[in-house]
Amino acid sequence: MKGIVFREFLQMVEKKFGYNLVDQIIIDSKIESNGAYTSVGTYPHEELFLLVKELSKNIDVPFSQLLTVYGEYVFDKFMSAYPHLTEKYTDAFTLLYNIEDTIHVEVLKLYPDAQLPSILTISKTEQELILEYSSSRKMGDFAEGMITSCLKYFNEEATVKKEVLNSDQSKVLFTIKKTHGKGI
598 MKGIVFREFL QMVEKKFGYN LVDQIIIDSK IESNGAYTSV GTYPHEELFL LVKELSKNID
658 VPFSQLLTVY GEYVFDKFMS AYPHLTEKYT DAFTLLYNIE DTIHVEVLKL YPDAQLPSIL
718 TISKTEQELI LEYSSSRKMG DFAEGMITSC LKYFNEEATV KKEVLNSDQS KVLFTIKKTH
778 GKGI
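Here the sequence shown is numbered in the numbering used here, starting from 598 and rising by one per residue.
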């Protein structure tokens with residue numbers, strides 16, 4: 598996993614809870630990197646899970662909920678940092694529909710050795726989008742947060758139903774149904 602993902606997580610924790618908690622979760626997690634990440638470096642995704650686990654213990658918020666909140670945070674940060682990747686999209690469904698073929702292609706230009714999840718479109722109508730998330734890193738909760746934040750970014754209202762497709766949670770089906778907001 599690219600270091601930028603770790604750096605953004607630690608920045609989120611610092612903004613919400615202060616540097617002392619960042620330092621504490623790094624120490625308590627006993628991660629090999631000691632929390633020293635470069636944006637372009639590659640690190641084991643398990644380190645992120647250890648950091649999230651320690652944060653969960655410290656603030657008494659479930660692990661899965663923290664990954665979802667972090668996904669929301671990362672989407673907003675990436676929209677600010679890389680507007681050229683998404684400026685041609687005018688609605689959430691179109692952006693989400695194009696993740697695999699457009700957004701991920703551009704991300705790989707910036708980070709050639711990034712290991713991105715697979716986001717397959719199962720079906721798309723004007724009111725419903727069904728996506729299948731697949732990743733050995735099992736970060737469906739993170740993906741859910743990114744989807745939720747994407748909808749907010751485009752000022753669209755929708756329900757997001759998450760269905761875990763296998764026992765190890767490496768595949769998740771997201772059914773996104775518009776309730777109000779802009780059409781596509």
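In this text, a Cβ means the ideal position worked out from N, Cα and C, and glycines have one as well. Every value quoted in this text rests on a predicted model; they were computed, and no experiment measured them.
Query	Result
For Tyr616, which three-state DSSP category applies?	helix
Between Phe719 and Val666, what straight-line distance do the alpha-carbon atoms span, to the nearest angstrom?	Reading off the sequence, residue 719 comes out as Ile, not Phe. Approximately 25 Å between the Cα atoms of the pair.
Select from Met676, Phe603, Gln766 and Phe690 the residue whose C-alpha is nearest the C-alpha of Glu725.	Phe690
Take Leu762 as the anchor and find which of Tyr750, Ser732, Leu748 and Lys775 has the nearest alpha-carbon.	Ser732
In three-state DSSP terms, what is Ala711?	coil
Can you say whether Glu629 is buried or exposed, counting buried as having 16 or more other CB atoms within 10 angstroms of its CB?	exposed
Can you find the residues in the same chain that come closer than 6 Å, C-beta to C-beta, to Val619, ignoring five residues on each side of it along the sequence?	Leu607, Val610 and Glu611
With a floor of 3 residues, list each beta strand (DSSP E) that falls wholly inside the stretch 598 to 668, ordered by position along the chain.	none
Quick check on Leu748: does DSSP put it in helix, strand or coil?	helix
Please return the same chain residues whose Cβ sits closer than 8 Å to the Cβ of Leu645, not counting the five positions on each side in sequence.	Met598, Val602, Phe603 and Phe606
What did DSSP end up calling Ile781 once you bin it into helix, strand or coil?	Interpretation of Ile781 is limited by its pLDDT of 42, a score under 50 that renders its predicted location unreliable; the figure taken from the coordinates is listed afterwards. Correct three-state label for Ile781: coil.
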